[in-house]
Amino acid sequence: MKIGMNMLLWTTFVDESFHPILEDLAQVGYDGVEIPLGEGDETFYRQLSSKLDELGLGRTSVTSLMDDTNPVSPDPAVRRKAVEEMKQRIDVGAVLGSEVIGGPFHSAFASFTGQPPTMDEKRWSIQVMRAAAEHAEQYDIVLTPEALNRFECYLFNTLDDISFLIQEVDHPNLQMIYDTHHANIEEKDPAATIKKHAAHIKHVHISENDRGTPGNGQVHWDDTFKTLHEVGYDGWLTIEAFSRHNPEFASGIGVWRNFESTTEEIYRDGFDFIQKMWNKYSG
């Protein structure tokens, strides 16, 4: 098991001004960080990779697509742009050295038609995700599309939904992420869900119901950690928490307040919480 910290707590672009935070995360004991992909060219990600190597931090990545590159757009030209955008982000993820790229990139983030998903939309997503997985294979990167709650996505809300996508794409480089925040909203039985989809869960987001410090809310943490142990999960446990540090991004994801007094509380207490809970079921 490896403990990671998603940098979206602070920013969508991890430039040099965030190096002191990376240094503190390494000092706390994190095994790695989750880096947002989108802004920046290969030179930028190569330099960031060198910094992370210097600190001994591994990395995963997170990314999403918007309406102009929507994989489920009825416009074939937009879907072609989605494939090219995913390929570009996989390329820079490879330069960065990411093992996993997760996120709700199966469709445009927070884009709604006002209707339930159609089979055409699911078919279009399958086609784009298959092309992305084939591209990721050359780098040995695992893509983990994310089931989001109904208020952020209409295409895939549960792991059963994402399982349909994975089965239809049928490629080893397309698997799934289990996110405790979204599962807390959408899954009736999180433990049973983890067991059912264990073979395809290749990344885990540790995220509280209010997006603050893990362990301070209503997520079924004992069931979560106990079941991850039972199914033999041994990948990343990455904290995903948010703040108003980047107002534009925060407003885009519906974060209207800071959940804790300091970001340090989230990543320091969160790290201790994961270690405590993981060790609790290790024996």
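Under the numbering used here, residues 992 to 1274 are what the sequence shown spells out, in order.
Cβ atoms here follow ideal geometry from the backbone N, Cα and C, with glycine treated the same way.
On a predicted model such as this, the values are computed, not experimentally measured, just so you know.
Assuming residue i contacts residue j (C-beta within less than 8 Å), just tell me the rounded distance between them.
i        : j        : result
Tyr-1272 : His-1211 : The Cβ separation is near 14 Å, so there is no contact.
Ile-1192 : Gly-1093 : The Cβ separation is near 11 Å, so there is no contact.
Asp-1260 : Thr-1204 : 5 Å
Phe-1250 : Asp-1201 : 6 Å
Gly-1029 : Thr-1054 : 6 Å
Met-992  : Asp-1225 : 6 Å
Ser-1102 : Asn-1061 : 6 Å
Is it true that the CB of residue j sits closer than 8 Å to the CB of residue i?
i        : j        : result
Gly-1206 : Phe-1264 : yes
Glu-1125 : His-1097 : no
Ser-1252 : Glu-1231 : no
Tyr-1036 : Leu-1087 : yes
Pro-1153 : Ala-1174 : It should be noted that the sequence gives Ile, not Pro, for residue 1153. Taking 8 Å as the Cβ cut-off, Ile-1153 and Ala-1174 do not qualify as a contacting pair.
Ala-1182 : Thr-1218 : yes
Val-1246 : Arg-1235 : yes
Leu-1056 : Glu-1075 : no
Trp-1115 : Arg-1070 : yes
His-1194 : Val-1091 : yes
Ile-1117 : Leu-1146 : no
Phe-1216 : Trp-1269 : yes
Leu-1039 : Val-1005 : yes
Pro-1136 : Pro-1095 : yes
Quick one: what's residue i bridged to in DSSP?
i        : result
Ile-1092 : Ser-1052, Leu-1134
Val-1063 : None, per the DSSP bridge assignment.
Asp-1170 : His-1196
Leu-1165 : Leu-1134
Asn-997  : Glu-1025
Ala-1073 : Paired residue(s): none; Ala-1073 is not in a bridge.
According to DSSP, is residue i part of a helix, a strand, or is it coil?
i        : result
Trp-955  : The requested residue 955 does not occur in the structure, where the chain is confined to residues 992 to 1274.
Lys-1179 : coil
Pro-1027 : strand
Leu-1139 : coil
Met-1268 : helix
Leu-1043 : helix
Ile-1257 : helix
Ile-1244 : coil
Ala-966  : Since the first residue of the chain shown is 992 and the last is 1274, residue 966 is not available in this structure.
Ala-1189 : helix
Ala-1101 : coil
Pro-1107 : coil
Ser-1273 : coil
Arg-1080 : helix
Met-1120 : helix
Gln-1158 : helix
Arg-1202 : coil
Ser-1008 : helix
Examine the ligand SAM and report whether any of its heavy atoms sits within less than 7 Å of the Cβ of residue i.
i        : result
Lys-1179 : Among the components modelled here there is no ligand, and therefore nothing to report on the ligand SAM.
Strictly under 8 Å for the Cβ-Cβ distance: is residue i near chain B by that measure?
i        : result
Glu-1143 : Among the chains of the structure shown, chain B does not appear; only one protein chain is present.
Contact between the stretch 1169–1185 and the stretch 1106–1126 (3+ Cβ pairs under 8 Å): no
Are the stretch 1046–1063 and the stretch 1015–1023 touching, with three or more C-beta to C-beta distances below 8 Å? The answer is yes - the stretch 1015–1023 touches the stretch 1046–1063, with three or more Cβ pairs under 8 Å.
Using 8 Å as the cut-off, can you tell me whether the stretch 1073–1085 makes contact with the stretch 1129–1147, which would need three or more C-beta pairs spanning the two stretches below that distance? yes
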